[in-house]
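Student: Can you keep this structure in mind? I'll have questions shortly.
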Amino acid sequence: MSAVRTPRRPVSATLLRGNAAAVARRLIGARLVHHSPEGLTVGRILETEAYLSSGDPACHAQRGPTARNASMFLAGGHAYVYLIYGVHQCFNVVTGPAGAGEAVLVRALEPLEGLELMRARRGVTRDRDLCSGPGKLACAMGLGPEQDGASLLEGALLVCPPERHWRRPTIDVGPRVGIAKAVALPLRFRARGTPWCS
DNA sequence: GCAGGGATTTTCT
DNA sequence: GAAAATCCCTGCG
3 MSAVRTPRRP
13 VSATLLRGNA
23 AAVARRLIGA
33 RLVHHSPEGL
43 TVGRILETEA
53 YLSSGDPACH
63 AQRGPTARNA
73 SMFLAGGHAY
83 VYLIYGVHQC
93 FNVVTGPAGA
103 GEAVLVRALE
113 PLEGLELMRA
123 RRGVTRDRDL
133 CSGPGKLACA
143 MGLGPEQDGA
153 SLLEGALLVC
163 PPERHWRRPT
173 IDVGPRVGIA
183 KAVALPLRFR
193 ARGTPWCS
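Numbering (this note's numbering), first residue to last: 3 to 200.
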């Protein structure tokens, strides 16, 4: 095993800004880095879902800003973290532009660094269960209300490019999960052939 | 291994 | 009052 190097440089702002479906596809392979007070955790994004600002009744922004979804209307490159079912946190990458209300839900990560901290936060036995779902990865990465509205291009929480040697997998496209409206839209993106997805 | 239900906040009807 | 971008535990095969 070669030593793991913690990524330091975030992706360019343009990668996180634009049509949410395009950003959702581009995010596959990128690394999510969180320097929390408890320690460092890093995970590779392997599954995403796009939520569009128009023509998408499943999108939280569809009915305008509220106290909960306010950060979804920030410019691309910010985090939108919200509580679902009164229990779990869901982490999104806002894709902007400011005022649009468009974002990408991150659904699964491959744990790369800080696995001991992730296990402690999650309390599970199998590493496959650490980040294989939106609520799971938010817990493992220590993401909550404090990260809602935070920049992903500077600070403690960063989206960084894949390693140069990382080989891009085939990306499967399909319907989104857990929604009742606009179920058929092909806005879910998944890396093929990994054990880390939901 | 799989189906069923509970937890608990925000929002809308 | 009910559903929601979910997860986990229980009971049963």
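Quick reminder that beta carbons are idealized off the backbone N, C-alpha and C, glycines included.
Remember, it's a predicted structure, so these values are computed and weren't measured experimentally.
Can you tell me where the alpha helix (DSSP H) holding Arg221 begins and where it ends?
Tutor: With the chain covering 3 to 200 only, the question about residue 221 has no answer from this structure.
Student: Kindly indicate which three-state DSSP category Leu114 falls into: helix, strand or coil?
Tutor: Locating residue 114 in the first sequence gives position 112, counting from the first residue. Strand.
Student: Would you grab the beta carbon distance between Ala63 and Phe75 for me? Rounded to a whole angstrom, and I think it's under 8 Å.
Tutor: Walking along the first sequence from the start, residue 63 turns up at place 61. Walking along the first sequence from the start, residue 75 turns up at place 73. Ala63 to Phe75, Cβ: 7 Å. Contact.
Student: Which class does Val1 belong to by DSSP, given the choice of helix, strand or coil?
Tutor: There is simply no residue 1 to check, as the chain begins at 3 and stops at 200 in what is shown.
Student: Looking at the strands, I want to know which residues DSSP matches up with Asp131.
Tutor: What you label residue 131 is simply residue 129 of the first sequence in a count that begins at 1. According to DSSP, Asp131 bridges with nothing at all.
Student: Expressed to the nearest angstrom, what Euclidean distance is found between the alpha-carbon atoms of Val83 and His167?
Tutor: Residue numbering aside, residue 83 sits at position 81 when the first sequence is read from its first letter. Residue numbering aside, residue 167 sits at position 165 when the first sequence is read from its first letter. Looking at the two C-alpha atoms, the distance is approximately 31 Å.
Student: Return the CA-CA distance between Arg19 and Gly78, expressed in angstroms with no decimal places.
Tutor: In the first sequence, counting from the first residue as 1, residue 19 sits at position 17. In the first sequence, counting from the first residue as 1, residue 78 sits at position 76. C-alpha separation (whole angstroms): 5 Å.
Student: For Ala2, write down the residues that DSSP places opposite it in a beta bridge.
Tutor: Residue 2 lies beyond the stretch modelled for the chain, which goes from 3 to 200, so this question has no answer here.
Student: With a threshold of 6 Å on Cβ separation, who are the neighbours of Leu139 within its own chain once the five nearest residues in sequence on each side are excluded?
Tutor: Locating residue 139 in the first sequence gives position 137, counting from the first residue. Here the set comprises Leu111, Cys133.
Student: Is it buried or exposed, Ile86, if we count other Cβ atoms within 10 angstroms and call 16 or more buried?
Tutor: Translated into positions along the first sequence, residue 86 becomes position 84. By the 10 Å Cβ count, Ile86 comes out exposed.
Student: Could you have a look at Gly195 and say whether DSSP puts it in helix, strand or coil?
Tutor: What you label residue 195 is simply residue 193 of the first sequence in a count that begins at 1. The answer is coil: DSSP assigns Gly195 none of H, G, I, E or B.
Student: Along the chain, where does the alpha helix (DSSP H) containing His141 start, and where does it finish?
Tutor: On the first sequence, residue 141 is found 139 positions in, with the first residue counted as 1. Rather than His, the amino acid found at residue 141 in this sequence is Cys. Per DSSP, Cys141 belongs to the alpha helix (DSSP H) from 136 to 143.
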